[in-house]
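In the working numbering, the protein residues as written are 1 to 340.
The C-beta atom is built at its ideal place from N, Cα and C for all residues, glycine as well.
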Ligand SMILES: [Zn+2]
């Protein structure tokens, strides 16, 4: 153990949500997860254009880098700016120097044409050489036809599927709807209400802070035999923070557990984005041992090397101007909030 680790992987992110902070309060207080979706996220994603997507991705990538996260597995939706959106996100992350695996979340919420265009964006991006997966929003917003089409496209392209599963009780049918479609290269985000004896294949993505914030319950991912990885679900890119919370959440239901299993979940990120193993983060704390990190707040990277290039040093990104990104993101957030 030392102060150096490979680059961390955020296994479930929504870069577009970087501009949500400070958005006006919804018309009425959301009283359920379904209402949070309807009154916050589905109003926000509908209002996004490509310029907003660009600066939300720049800000999200910057914040990931500032937290020692060198690879982001992103899940994107912008129903009024679908075509080209994944390339905008990939380009923004490349500019900052952070790795990203993109997916567009196919959904029938905006009719079958919306689902078709989402599917086409995934196909366009991957066929153009982009590092991507096929995205599905969630079974409960998709027709069986769209679910089958997305699974088939992923198989044809030789990539996995990135999908929300049983985040809230409204998606309780997901295991039945996805039965026979999932494979080991699928990423199943949340799985809070997924039965322990389910038959879905793939890696389960655990997002403890988001689950608490949405009051959907505790996924207790230790109960699954699937691999488990850690994400933020769009609440920043700090995976060390996700690890610390994952540990105490597990501890809250099992006083015998140590931080080792939450740390293994963090390490699963390197199976999803193996390139990040070669990245190097020098931290402000030594040793970077799970038992130390679990009880040490405020650990920050001193230097980050991605793909052999130093992209963060002395508290600043080396390729971009952090102040400029924050200023531009604020401008775009104001435009976005004015549309809500
Ligand atoms: Zn999510």
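Is residue i near ligand 1 - that is, is its Cβ less than 8 Å away from at least one heavy atom of it?
i: residue 12; result: yes
i: residue 171; result: no
i: residue 32; result: no
i: residue 76; result: no
i: residue 207; result: yes
i: residue 292; result: no
i: residue 167; result: yes
i: residue 193; result: no
i: residue 45; result: no
i: residue 337; result: no
i: residue 189; result: yes
i: residue 87; result: no
Look at the alpha carbon of residue i and the alpha carbon of residue j, and state the distance between them as a whole number of angstroms.
i: residue 145; j: residue 225; result: 29 Å
i: residue 255; j: residue 150; result: 41 Å
i: residue 104; j: residue 2; result: 38 Å
i: residue 308; j: residue 279; result: 7 Å
i: residue 24; j: residue 156; result: 42 Å
i: residue 315; j: residue 67; result: 10 Å
i: residue 41; j: residue 207; result: 17 Å
i: residue 313; j: residue 302; result: 6 Å
i: residue 271; j: residue 27; result: 42 Å
i: residue 48; j: residue 310; result: 32 Å
i: residue 287; j: residue 99; result: 26 Å
i: residue 329; j: residue 318; result: 19 Å
i: residue 34; j: residue 215; result: 11 Å
i: residue 183; j: residue 158; result: 11 Å
i: residue 147; j: residue 161; result: 10 Å
i: residue 92; j: residue 326; result: 14 Å
i: residue 250; j: residue 205; result: 15 Å
i: residue 194; j: residue 285; result: 37 Å
i: residue 59; j: residue 119; result: 26 Å
Identify every residue that forms a DSSP beta bridge with residue i.
i: residue 74; result: 13
i: residue 132; result: 102
i: residue 316; result: 313
i: residue 55; result: DSSP output for residue 55 lists no bridge partner at all.
i: residue 342; result: Since the first and last residues shown for the chain are 1 and 340, residue 342 lies out of range.
Checking 9 Å against the spacing of the C-beta atoms, do residue i and residue j come in under that value?
i: residue 243; j: residue 276; result: no
i: residue 11; j: residue 230; result: yes
i: residue 109; j: residue 79; result: yes
i: residue 269; j: residue 71; result: yes
i: residue 61; j: residue 15; result: yes
i: residue 241; j: residue 209; result: yes
i: residue 239; j: residue 9; result: yes
i: residue 281; j: residue 6; result: yes
i: residue 13; j: residue 196; result: no
i: residue 135; j: residue 63; result: no
i: residue 4; j: residue 283; result: yes
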